[in-house]
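Throughout, this note's numbering is defined as the position within the sequence shown, counted from one, plus 1444. See structure below.
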Amino acid sequence: MGNFRQIRLKYEKFRLASRENTLCNRTSHAPTNQENRSMHLPSSRRSFLKASLLTTLALFHPGKAQANFSTEQQPSGRLNLYNIHTGEKISTTYRDPDGQYHTQAITELNWLLRCHYTNEQHPIDLQTLDFLDLLNTRLGCNNEIHVISGFRSSKYNDYLISQGHKVAKHSLHLEGRAIDIRIPGTALANLHRTALSLRIGGVGYYPSEDFVHIDSGAFRTW
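Shown next as structure tokens:
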């Protein structure tokens, strides 16, 4: 536990809050039972332990978790997500202003962002979550983000390819590093422009399918 605590304390410290985060009224408390969630974690002890272990392992890799944000560009620490396939929702504080992540909240986000086709879950890259958070912050903070795709299992990816869908064979979705989203009430073109303006990772524009892809890979667009 000592090593785990030291690793977590190595995450970047954010000393100044951005104007967007001030508008978001971000808080530093851990998620509580009073927060609005209509999502339930796996009921079996075995599944729950597996989910917790996956989260812990992800947090043990600060190199993946750490992102270089400017003082004007920092995550609020809150996400409000809706999975269009499962109907699950979560509104949670997943990190503190100083950059420390809440294990329980990350576990729940991993579950909501699992592969809906196989029910398989995978740790979602923390940089991807922060990218999503920053994007939402720029667009007004209090949005419900609709998730079209989070983690994608290899079985589901192969299935999509076999059905003629234009998905990458080595998609970052397979690594939990990509999310496809839309935000009701926000024009898709505006969502796309805002994601591009952050210049953090990959941004794909799919107007015919009504979603924007973001990932924690190198900055690129398509």
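From the three backbone atoms N, C-alpha and C, an ideal C-beta is built for every residue, glycine too. Keep in mind the model is a prediction, meaning the values are calculated, not measured.
Per-residue DSSP class, three states only, for I1658 | Position 214 of the sequence shown, counting from 1, holds the residue named residue 1658. Correct three-state label for I1658: strand.
Identity of the residues DSSP links to R1539 by a beta bridge | Counted from its first residue, the sequence shown places residue 1539 at position 95. The partner list for R1539 (beta bridge, DSSP) reads Y1545.
Within 10 angstroms of the Cβ of A1633, are there 16 or more other Cβ atoms? Answer buried if so, exposed if not.
-> Counted from its first residue, the sequence shown places residue 1633 at position 189. Of the other Cβ atoms in all chains shown, fewer than 16 fall within 10 Å of the Cβ of A1633; this residue is therefore exposed.
Taking the DSSP output, what are the residues bridged to S1593?
-> The count along the sequence shown starts at 1 and reaches residue 1593 at position 149. Per the DSSP secondary-structure output, S1593 pairs in a beta bridge with D1624.
In this structure, does DSSP put Y1561 in helix, strand or coil?
-> Numbered from its first residue, the sequence shown carries residue 1561 at position 117. Three-state result, Y1561: coil.
Near L1642, what residues of its chain come up, given a Cβ to Cβ distance below 8 Å and the 5 sequence neighbours on each side ignored?
-> Here residue 1642 is taken as the residue at index 198 of the sequence shown, counted from 1. When the five nearest sequence neighbours on each side are left out, the beta carbons in the same chain lying within less than 8 Å of the beta carbon of L1642 are those of Q1517, F1575, L1578, L1579 and R1582, in order along the chain.
Grab me the residues of G1646's own chain with a C-beta within less than 6 Å of its C-beta, minus the 5 sequence neighbours each way, in chain order.
-> Mapped onto the sequence shown, residue 1646 falls at position 202. For G1646, where only same-chain residues beyond five positions count, the Cβ hits under 6 Å are D1659, G1661 and R1664.
Hey, could you find the ends of the beta strand (DSSP E) R1522 is sitting in?
-> For this step, residue 1522 is matched to residue 78 along the sequence shown. Following the DSSP letters along the chain, one finds R1522 inside the beta strand (DSSP E) bounded by residues R1522 to N1527.
Just the C-alpha distance for D1602 and N1586, rounded to the nearest angstrom, thanks.
-> As a first step, residue 1602 must be located in the sequence shown, where it is residue number 158. As a first step, residue 1586 must be located in the sequence shown, where it is residue number 142. C-alpha of D1602 to C-alpha of N1586: approximately 35 Å in a straight line.
Where E1552 and T1536 are concerned, what is the direct C-alpha to C-alpha distance, given to the nearest angstrom?
-> Position 108 of the sequence shown, counting from 1, holds the residue named residue 1552. Position 92 of the sequence shown, counting from 1, holds the residue named residue 1536. Taking the straight line from one Cα to the other gives about 9 Å.
For K1533, the three-state DSSP class (helix, strand or coil) = Start at 1 with the first residue of the sequence shown, and residue 1533 comes out as number 89. The answer is strand: DSSP assigns K1533 an E or B state.
For the beta strand (DSSP E) containing G1646, list its first residue and its last residue.
-> Taking the first residue of the sequence shown as 1, we reach residue 1646 at position 202. G1646 to Y1650 is the extent of the beta strand (DSSP E) around G1646.
T1630 by DSSP, collapsed to three states: which one?
-> Walking along the sequence shown from the start, residue 1630 turns up at place 186. Here T1630 sits in coil by DSSP.
How big is the Cα-Cα spacing for S1593 and C1559?
-> The sequence position of residue 1593 within the sequence shown is 149, counting from 1. The sequence position of residue 1559 within the sequence shown is 115, counting from 1. Near 8 Å, if we compare the C-alpha coordinates of C1559 and S1593.
Express the C-alpha separation of F1595 and I1528 in angstroms, rounding to a whole number.
-> The residue labelled residue 1528 in the question sits at position 84 within the sequence shown. The residue labelled residue 1595 in the question sits at position 151 within the sequence shown. When rounded, the distance between both Cα atoms is 14 Å.
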